[in-house]
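Protein chains: 2
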Amino acid sequence: MDTKVSSATKEVIIGEGKPTVIIGERINPTGRKKMLESLKIGDLEIVKTEAVNQVQAGADILDVHVGGFNIDEVKLLPEAIKLVSQTVTVPLCIDTTNAEALAAALKVYQGKALINSVSGEEHSLLRVLPLVKEYNAAVIGLLQDDDGIPPTVEKRVEIAHKIAKRAAAAGISMDNLVIDCLALAVGANPKSALIILETIRRVKKEIGCNITLAASNFSFGMPSREMLSGAFIAMVIEAGATCLITDAAKYRSAILSADLVVGRDQRARRFLQAFRQIPKPQ
Amino acid sequence: MDTKVSSATKEVIIGEGKPTVIIGERINPTGRKKMLESLKIGDLEIVKTEAVNQVQAGADILDVHVGGFNIDEVKLLPEAIKLVSQTVTVPLCIDTTNAEALAAALKVYQGKALINSVSGEEHSLLRVLPLVKEYNAAVIGLLQDDDGIPPTVEKRVEIAHKIAKRAAAAGISMDNLVIDCLALAVGANPKSALIILETIRRVKKEIGCNITLAASNFSFGMPSREMLSGAFIAMVIEAGATCLITDAAKYRSAILSADLVVGRDQRARRFLQAFRQIPKPQ
């Protein structure tokens with residue numbers, strides 16, 4: 299099943315067997331003081347810089363999140379969406395928990411957006427799904443509900459079915475739904491990956507829609523994060539993730555490697571393009 | 299199912315859920331001119347050096363292969379086995395296609411050896427299995443037969459069953475069999491990993507014995523080999539490989555990462571021990 303998203307000039311297709319789509323995650327003030335301070339005073343220069351950097355590093359889509367304490371997201375999100383759209387040509391992923399800001403951003407966005415996200419929570423389903431339908435967007439469904447993030451595979455898959463059913467009832471086709479299987483830090487739960495991998499396999503089999511993860515979260519708090527998340531990325535791609543929300547500059551090489559291993563890189567074209575010039579580390 | 303191998307003083311257990319056992323592969327003259335020249339004149343100094351280096355790099359077992367054109371393996375292999383046993387304390391994996399050399403090596407080996415390998419070829423089954431039984435050794439079963447290395451999962455699994463049956467008939471218990479699912483280079487066959495991963499999962503399910511791979515082969519001829527093989531290693535460990543024949547110096551970090559991801563590293567002890575002191579690459 300192919301999920302198509304687009305900017306005014308570019309279409310990106312997320313789908314099984316295709317190269318894993320990288321959704322650049324760096325436009326997000328969470329845990330980043332400098333960006334947060336800039337956003338508070340409405341200064342979007344840093345957003346512009348990150349947009350350029352992530353696209354140069356190989357991001358296929360850019361996640362744009364400008365929410366935070368003391369930020370007027372309803373005003374700032376559409377501004378950021380407009381600015382990023384003028385700066386780079388890739389499609390955008392509009393990332394907000396504020397439905398009003400989402401509506402305002404969708405209004406100014408040129409193309410078919412990816413929305414990050416709807417969850418299994420009632421208030422989210424009720425507010426976000428109509429906007430997805432209205433703007434013929436695609437949407438990321440987060441596997442949590444009014445009880446929080448479930449610790450079991452069973453309950454996560456149940457929420458995936460709930461979101462899929464509610465999306466269908468709202469007139470949204472399954473190819474416009476991308477399920478985020480929720481990557482929690484291995485430092486917090488050593489079984490984190492096992493739960494995620496089984497959830498991915500079941501969602502793929504039972505729903506068949508595209509699957510994403512915020513892949514960087516997994517190694518939070520650990521040393522050698524790139525190596526550790528690299529191993530995780532290889533496994534989730536093999537299990538069936540078709541797009542990843544991550545830092546393109548840090549994880550594109552792991553993603554290209556995994557894609558080649560599982561046959562998502564025809565004639566190793568992308569891998570060789572990226573690496574054949576680099577002298578082998580001795 | 300646990301496969302136990304030992305030296306005179308040390309036991310290593312290969313088994314599901316346990317840390318992936320690293321079988322150091324560097325004592326092997328294939329494609330290494332200098333080592334080949336040394337071995338031809340019976341000079342084992344380089345073997346000693348590699349043994350020390352691999353164990354320092356984290357190898358749990360050492361593969362010892364001294365065969366090559368113009369080398370008297372029947373004489374040299376037992377000498378090498380004795381020398382390596384005196385140099386390091388880890389158990390050894392006796393690697394030869396020469397049954398006479400194998401018998402001579404087993405005669406001098408102190409402990410329970412791992413033998414590399416028996417294949418599905420008649421001459422191999424007939425000569426190697428009685429030695430495995432006689433010396434109560436463990437043996438690696440290679441998924442190829444008199445028709446060569448099969449291109450399909452079906453045929454590979456069939457050979458695995460054949461080896462398992464013949465081993466059982468020879469009085470060898472299943473915990474003394476480790477199946478090598480045969481890692482071919484992705485450069486030669488883009489579907490290589492997909493075939494291997496499915497073979498691993500089927501052998502694990504249908505036979506339940508331990509599973510190994512010569513993991514370095516996979517990236518042969520490609521740039522950025524460590525990164526590419528790293529992705530491959532993550533996937534095969536997740537699929538069920540419990541030991542890997544590889545260069546400990548190059549691939550231990552990928553193996554430790556994958557082990558942590560899939561919960562084979564209690565409290566992240568091994569991972570943190572290896573990496574927490576190293577400053578994060580910026």
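Heads up: the sequence lines are chains A and B, in that order. With our numbering applied, the first sequence covers 299 to 580. With our numbering applied, the second sequence covers 299 to 580. For glycine and all other residues, C-beta sits at the position ideal for the given N, C-alpha and C.
Only V484, G485, P488, K489, S490, A491, L492, L495 from the stretch 471 to 497 of chain A bring a Cβ to less than 9 Å from some Cβ of chain B. The Cβ atoms of B/R454 and B/T387 do not sit closer than 7 Å to each other.
At a cut-off of 7 Å between beta-carbon atoms, A/F518 makes no contact with chain B.
Excluding the 5 residues flanking it on each side, A/N396 has same chain C-beta neighbours closer than 8 Å at G365, E371, V372, L375, in chain order. A/L429 is a Cβ neighbour of A/A401, given a cutoff of 7 Å.
Residue contact with chain A for B/G561: present (Cβ-Cβ distance below 7 Å to some residue of chain A). Looking at the backbone, the Cα of B/I457 and that of B/G506 are separated by about 15 Å. For B/T510, the enclosing beta strand (DSSP E) stretches over residues 508 to 512. Per DSSP, B/K489 lies in no beta strand (DSSP E) segment and is marked neither H nor E. With respect to chain A, the C-beta atom of B/A546 has no partner C-beta closer than 7 Å. According to DSSP, residue pairing for A/I392 in a beta bridge involves A/V362, A/I413. Not one beta carbon of chain A lies nearer than 7 Å to the beta carbon of B/L511. When only Cα atoms are considered, B/R324 and A/H363 end up about 49 Å apart. In the same chain as B/F518, and ignoring 5 residues on each side of it, the C-beta atoms closer than 7 Å to its own belong to A483, G485, in chain order. The C-beta of B/A355 comes no closer than 7 Å to any C-beta of chain A. Across the set A/I392, A/R500, A/E398, the C-alpha of A/R500 shows the shortest separation from the C-alpha of A/T450.
Residues of chain B whose Cβ lies closer than 9 Å to the Cβ of A/F573 are, in chain order, M520, P521, S522, M525, L526.
Note that the C-beta distance between B/V303 and B/A436 is below 7 Å. Within chain A, the residues placing a beta-carbon under 7 Å from that of B/L558 are V484, L526, ordered along the chain. The stretch 411 to 423 of chain A makes contact with the stretch 432 to 446 of chain A, as at least three CB pairs between them are under 8 Å. Taking CB atoms only, A/A532 has a neighbour in chain B less than 7 Å away.
Taking 7 Å as the CB threshold, B/S514 stays off the interface with chain A. About 25 Å separates the Cβ atoms of A/D545 and A/D300, ruling out a contact at the 8 Å cut-off. DSSP places A/E309 in the uninterrupted beta strand (DSSP E) bounded by 309 to 312.
Bounds of the beta strand (DSSP E) holding A/G322 are 319 to 325.
Spatial neighbours of A/K316 in its own chain (CB-CB distance under 6 Å, excluding positions within 5 residues in sequence) are not present.
In the three-state reduction of the DSSP assignment, B/S551 falls in the helix class.
The beta carbons of A/D361 and A/V319 sit no closer together than 7 Å.
Ranking B/S522, B/M525, B/L558 by CA distance to the CA of B/E536 puts B/L558 first.
The distance from the Cβ of B/I477 to that of B/C391 is about 15 Å, inconsistent with a contact at the 8 Å cut-off. For A/A539, not one C-beta of chain B is nearer than 7 Å to its own C-beta. Our two residues, A/Q352 and A/P448, have alpha carbons roughly 32 Å apart in a direct line. Between B/P327 and B/L337, the C-beta spacing is below 7 Å.
Across the set B/F530, B/R574, B/A465, B/E524, the C-alpha of B/R574 shows the shortest separation from the C-alpha of A/M520.
For B/A512, same chain residues with a beta-carbon under 6 Å away, outside a window of 5 residues either side, are A481, I543 in chain order.
The beta carbon of A/E536 sits closer than 7 Å to some beta carbon of chain B.
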